[in-house]
Structures are given as C-alpha cells and as structure tokens.
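Taking my numbering, the leading residue of the sequence shown gets 71, the next gets one more, and so forth.
Structure first, commentary second.
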Amino acid sequence: MISSYKKVSKLALGIGASLVTAGVGGDSAYASTFEEIIVTATKRDTLQKDVPIAIQAFTAERLEQANITRPDDFIALTANASIMTAVRPGESNVTIRGVQGNFGLTQPVAIVLDGVVAASPNALQQELLDVQQIEVVKGPQGALYGRNAIAGAIIINTRRPSNEFEGRITAGFGNGDSVKGQGVISGPIIEDMLYGRIAVSHTETDGFWYNSTTGRPADFRRERIADARIVYDANEDLSFDLRVRGSEVKMGSQLWTAQVPPYQAFDNNNYFPTFQMNNNQPGRQDRFDTSLKMDYDFSVATLTVIGSYNDTKAEYAGDEALNPIIFTDPAGFLASNPPLLPGYSYAQVQNTFNKVTDKNKTLEIRLASPSDQALRWMFGGYYAHSKRQEDANTKVDKGQNILEVYAPETLDPFGINPIIVASGAANTINAYAAFARVEYDIIDDLELALSLRWDKEDRAVVNTVPDILAPASVASGNPVPLTLFPGFRDSNSFKAWQPSVSLRYSVSEELTVYGSYGKGFRSGGFNPPGSTDRIRASYDPAFIFQDGYPSEKSDSFELGFKSILLDGRLNLNWAVFYTEIDNAQSFTAFPQPVITIVVYQKKARSQGFELEAIYHVTDNLRISNNFGFVDAEFKSSDLPATIGNKMPMTPRYNNVLAVDYKHDINDALSLSLNVSWERTGKTWFDIYNTPDTQRNAFDRVNARLALEGEQDNGNGWTLAVW
C-alpha cells in the first residue's frame, strides 16, 4: 500500500440547524423497552431478530442522534467493518470481516439503494441524503445479491414519498471552513396516486492538511448532489418507483508515498510527510444514476422488474515521491524541477494523471410469493453490462500537470511533462445470473432457508496505450516502449454457484438462535496490460503473477443468537464466524513507477465474533456497546514473504460505546445528547505487513448536543452542535 495514514489528534467542530415541516418530529423520549426494527436484507420486510444473519441497522433516529452524514460514519460504528477513503474522488475501500475491496474496481459488498443493486463500485462514497434506514449485512450475500457480495451488503433506504407533505432544510458549518446545506421536499403530485420527492445537498470544506508549497490546504472537498424520486401507485396491485440522481465531487490531488521495502517505510502513528505537492490539481468525479422499479401483485406472487443505468466520469492527478531514481538524466531536462523539499527522502519527483469513464446497465426480474405463508419462495434472473475505460500516465514533474493523458507536451521528450510510463485499458463486462430462495417454517418456531444463485461474468480487455517510445526514456538516452504489449487483447469467463443455507429457531419471544453457511464469489479480472512485467523489471524479478487474476471464492460459517432481556430493556446479539477464502484478492501498489494491481493469495482465513448490547436504563437514557474481533491472515501464497501476514485494512478489533440521553424541557422543547467512544485496533495497509508501518490502536470521541422544538401541527426545528 502506498498511501500513508497518520494517527492524529484533531478537533472537528460544527453547528447545524434544520427546519422540519408536516409531522417529521420524533418521540419526546426513548422507548422504555426495545423497539423491533424491520429490515429488508432478505428482500422481504422482516423483523431484525428473525433474520438468521448478523445485521447492524441504523434507523433515521439513530442516524440523526449520532450525526451520521457519510458512509464513513456508520461503518465506523459497525463491528468488524472499516472503510478507507481513497485519494481518488468518490472512491473508497470497504472491508468486512477481513474481506477487502479493490479501489475503484470491485467492492466486497453489494450496495443496495432503495431495493436496487448498484452496478458501479463507486456507488457508496457520497453524502447521505434523506435516508430512512441503513442496514450493514455481514457474511457472503451473493445468493441474494449476486457477484462481489462476498463480504456482505450495505442496504440504504431513503424516505418514500407519500400523501403527506414533508419538507426539511438543513444548514451548518464547522472548522476547516466547512459548510453544509441540504433541502428536501416531498408530497403528493396527484392525491393517492402519484408522489414525488426532491432532495439537494451541497457540502464543502477547505480541509485540515496544509500544503506549504502552494500555500493552501491539500485536502479540500466539494460535493453537490441532486436527487429526485417519483412513486406512481397505478392501483392496489401495480406501482412504479423512479429515481434519478446527479452528483459532482471535487477534491484535493493525490500524494503518493512508497510504503513497501526497500523504499521508505512511514511510521503511521507518529509521522506524516508534509503536503508539499507543487501541482495540487483538484480531482473530480461526475456521476449520473437512474433506476426504475416496478412491482405487480398477482395475489399469489409479486413480480418485480428493476432496471438501472450509471455513468461515471473521473479525473485525478497527483505527485509521487520516489527513491531511487528510475532512469538517468543526461540531457538535464529535470533541471526545472523545484528543489528537493525537507521531510522527504527521494531523489526525483514525478506527477500522475488518471482519467476514468465507467458506464453500467442492469436488469433484474424476480417473482416472489407472499410473506404470510409457511412456504415462501422467490426466483429470478439478472443481467449487467459494464464498460470501463481507464488511462493513466506518470510524467516528469516540472511544476505543472498536463490534464490530458497523451497531450503533445507529454509526448515531447524535452517538453513540459514527458511521459515516463503509461497504462490504458478498456474493460467490457457482461454478467448473467439466475437465483432462487425458499424459506419454510418446519414448525411455528423453526425456519429453514435455502438459496442458490448461478453467476457468470464474461470479461474482455483491450490495451489502449499507443505504440510509441516513452518520451522521458528517449531523453534519458535509454529508449523503451511506452507499452510492452501494443494492441494486447484478452478475455475470460468467470462463473460460480453460490449456495447458502440457514436454520433459525425461536426459543421464545425473547431469544432466537441461528446457524448459517454461505459460499461467496467475486469475479476475476485483468490488471493493466504489461503491469506485472514492469514489476519484474523494476521491482521484483521473482514476481510470478500474470496480468489476469482468478475469481475469489469463500466458504463462510456463522452461529449466533439475538435476544431481548430484562423485560425488553436489554437487547443482546452475538455472532461467531469462520471463513476460508481461495484466491483472496488484495489491492497492491508498487512504486517504481507507481503500478496499482490486484494480487491474489491462494488461501486466506478469517475468524472472529461480534457482540452488540443496547440497554435502556430509563425512558430517557440508553447505553449501547458494539464489539468486534477478527483474526484474518494469509495461509498460502506464491509470495512467500506474505504467508502468515495479517490481511490489509482489517483492524484487529473495534469497539463502540455510546450514550444517548433525552430530556423534555416542556411540551414543545427537548434536549438530546449523544456521546460515543470508538477504539480501533492495530491495522496493516499492505500485504507485506511492512515493518513499522502498521497503524496502532487509536481512539476517537464524538459528541452531539441538540435542542429540538416541535409544534402542535407537526412542524419542528433542531439546533445542534457536534
């Protein structure tokens, strides 16, 4: 891994206010007994305690109390889950129970938005807007949600428009010159038939990391979102749900720092290189998403048809700090570089530019029986088509960054930014699936569930790098091809059966026990053509991998219980899991020059447990604790130095202790307080577990204090500091 992280002590402060109209106000105090949550993880509305898998649910009330505004926030509160926000705009890397994602390529979880499985791997990293509930489902969910859901699913449901008029305006600000504004309006277009909702959001911050070279912050960010949803209830049996969303993200440029031997290893606990990027060119991502969902109730079954389309365009640039020099400079064309800056150990500065276009289309059709019968069934099919074009170059840094991959200046050996190395590939994916699920109540309190899904994914790749000599190598007197494989093409098919089985027994109204088994599948793919040959030539002659990598498959077992104790005041959930992974995929970077690829490890193993407790001390006071422990390591690999190492981006443990208190000042005013303490265990960031680069355990404390007012007509307001 080549991105460094620092354990820092920073104070984030903010204040926000919101106005709510038409009955969106909450209860005046917490319920004295546990309130059951309805979840949709099995594609049916089910009580959370009756779902035989580990689920952490965040209701609208919880999202507001804990000041959850981005995916980073709710994942940080989830046991055995973590997220790394990428240096690329709109991208992130989710890890659940040791199974990690591959930046910009595949997530190990299905992202489900209002019942629609998102095809784009970048569907998650956006500001949360008008959300009703979030569910984090752990363990392989491929039998229900298809390929790449090998670690679980993240289900986000927004508020459904209805006959009731609702509106909300939110404004806030915080340190780092952070500002936020959101507006939502929802209600009937045609009474009892057509309903609509429009939501907009604007957030921006100057950030906290200062770039001493450019004289401005390095980690600024601006995000704009516009989201519209229309629901049409044609009659009692037929309904349509249309969603359209557009978004734009701009953020600071990348800082590449080598973190694999024999290059400099960063102490991620006590040191971080000062941002001294001379380019600091903003990164940008523009997205357009739309989906249409139709439900028709035949009384004996419900037919659901879902179609979706996504179009993503991204550009991002950055600087690289490298050591040693990778080619000589007899012509002296590096003379115009800025002088070497303190705080680095490098002999040459380079810059990069990446451009990505990604388009996805999906279609799902399923037929499901009613839920109020002993035998419940569902079957259907799925199709997805994706086309992703990604081009990147690494250039000599002369204080500028040319924002065109093959601009004339980059192709001139003595130009502004002569190219050192480039990569480019057009990837096409056609995915097909058929699935079925049966749930049967053997007796009133004993349920057996069987699921089976067949997935096939056809992939093709074409090398798009021009067949020329690398300009920088020409100037150095040692000319080499810009690409090792001009005109390279390859294709492959990846397929797998994904069965799952679970058994749930309700011992009583207060206690449910369950056991489950599931097989996970994540498709294989292709690294940039020629990348492994470059690694052999400039980094490791013994590197044996090919540009293509195989499918990742897993077998996962889980046992657990869900309980409601102490007359409904205590909710206690526990789960233990064991997972074996074949061809575990790991995002890996090599810094000479920067080459990012997916490396597969033959065998990996992940095991651990989770314990969640929520205790209602009084009607107004609630204490909760959520603990997760995971032991995940590589057991077999063609890279001997990685065998026995811990899997990257997987904290050894995490614990969240939260206290929620609410006090009614009078009939119209209430005061609420949320305080949480998060502790995250030791984490590695690369498959080599490079010595002294692990992030040690760290702590974070969050707090929110809110004054809420509610009128008799249901309108209300909230003033909060966090």
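Quick reminder that beta carbons are idealized off the backbone N, C-alpha and C, glycines included.
All values reported here derive from a predicted model rather than from experimental measurement.
Span of the alpha helix (DSSP H) around Ser543
Note, Ser543: alpha helix (DSSP H), Pro541 to Ser546.
Could you check what DSSP says for Phe768 in three-state terms: helix, strand or coil?
Shown here, Phe768 sits in a strand according to DSSP, grouped into three states.
Measure how close the beta-carbons of Ala188 and Phe505 come, nearest whole angstrom, since I'm counting them as under 8 Å.
The pair is not a contact, with the Cβ atoms about 17 Å apart (cut-off 8 Å).
Express the C-alpha separation of Phe699 and Ala654 in angstroms, rounding to a whole number.
Near 20 Å, if we compare the C-alpha coordinates of Phe699 and Ala654.
Please list the segments of the alpha helix (DSSP H) lying wholly inside the segment 447 to 534, counting only runs of 4 or more residues, in order along the chain.
Every alpha helix (DSSP H) of 4 residues or more that sits fully in the segment 447 to 534 is shown, in chain order, as 478 to 481.
Determine the DSSP secondary structure at Ala728, reduced to helix, strand or coil.
Look at Ala728 here: in three-state DSSP terms it is strand.
Take Leu473 and list the residues in its own chain whose beta-carbon comes closer than 8 Å to its own, dropping the five residues that flank it on each side.
Result list for Leu473: Gln351, Glu385, Ala387 and Phe423, in chain order.
Report yes or no: do three or more beta-carbon pairs, one from the segment 204 to 218 and one from the segment 157 to 164, lie closer than 8 Å?
Touching, no, given that fewer than three Cβ pairs across the two stretches are closer than 8 Å.
By Cβ distance, which residues of its chain are closer than 6 Å to Ser271, with the 5 residues on each side in sequence left out?
So the list reads Glu197, Leu199, Gln252 and Ile295, once near-sequence residues are dropped.
Looking at Thr720 and Ser152, is the spacing between their C-beta atoms short of 9 Å?
Yes. Within cutoff.
For Tyr628, the three-state DSSP class (helix, strand or coil)
The amino acid at residue 628 is misidentified as Tyr; the sequence shows Glu. Assignment of Glu628 by DSSP, reduced to helix, strand and coil, places it in the strand class.
Since Ala180 is in the beta strand (DSSP E), which residue starts that stretch and which ends it?
Its beta strand (DSSP E) spans residues Val179 to Leu183.
Element boundaries [alpha helix (DSSP H), containing Gln616]:
No alpha helix (DSSP H) holds Gln616; DSSP gives it neither H nor E.
Distance check for Arg217 and Pro569, CA to CA, integer angstroms please.
Each residue's Cα considered, the two are about 12 Å apart.
What number of angstroms, rounded off, separates the C-alpha of Ala193 from the C-alpha of Ala136?
Roughly 23 Å between the two C-alpha positions.
For the beta strand (DSSP E) containing Glu161, name the first residue and the last one.
No beta strand (DSSP E) holds Glu161; DSSP gives it neither H nor E.
Could you tell me if Asp680 is buried or exposed, where buried requires 16 or more neighbouring beta carbons within 10 angstroms of its beta carbon?
Per the sequence shown, residue 680 should be read as Glu rather than Asp. Taking a 10 Å sphere around the C-beta of Glu680, we find 16 or more other C-beta atoms and assign the residue as buried.
Secondary structure at Tyr386, three-state DSSP: helix, strand or coil?
Residue state, collapsed to three classes: strand.
Please state whether DSSP places Ala607 in a helix, a strand or coil.
Assigned with DSSP and collapsed to three states, Ala607 falls in helix.
Inter-residue spacing [alpha-carbon to alpha-carbon] between Tyr414 and Val466:
Residue placement at Tyr414 cannot be trusted, given a pLDDT of 34 that sits under 50; what the coordinates show is reported in the next sentence. Between Tyr414 and Val466, the C-alpha separation is close to 18 Å.
Measuring CB to CB, does Ser456 end up less than 9 Å from Lys431?
Result yes, Cβ atoms of Ser456 and Lys431 sit closer than 9 Å.
Are Val179 and Ala221 closer than 9 Å when you measure CB to CB?
Contact flag set, yes.
Under 6 Å Cβ to Cβ from Phe627, same chain only, skipping five residues before and after it: list those, please.
So the list reads Tyr587 and Tyr648, once near-sequence residues are dropped.
Separation of Ala674 from Gly595, as counted between CA atoms:
For Gly595 and Ala674, the distance between alpha carbons rounds to 19 Å.
Going by Cα to Cα distance, which pick from Glu527, Tyr584, Asn597 and Ile538 is closest to Phe564?
The option with the nearest alpha carbon to Phe564 is Glu527.
Mapping the DSSP letters down to three states, classify Leu147 as helix, strand or coil.
Here Leu147 sits in coil by DSSP.
Roughly how many angstroms lie between the CA atoms of Asp461 and Gln781, to the nearest whole one?
Spanning the two alpha carbons is a distance of roughly 56 Å.
Euclidean distance between Cα positions of Ile512 and Glu205
Rounded to the nearest angstrom, the two C-alpha atoms are 28 Å apart.
Give every residue of the same chain whose Cβ lies closer than 7 Å to the Cβ of Phe613, excluding the five residues on either side of it in the sequence, and list them in chain order.
Taken in chain order, the residues that qualify are Thr602, Ile605 and Arg606.
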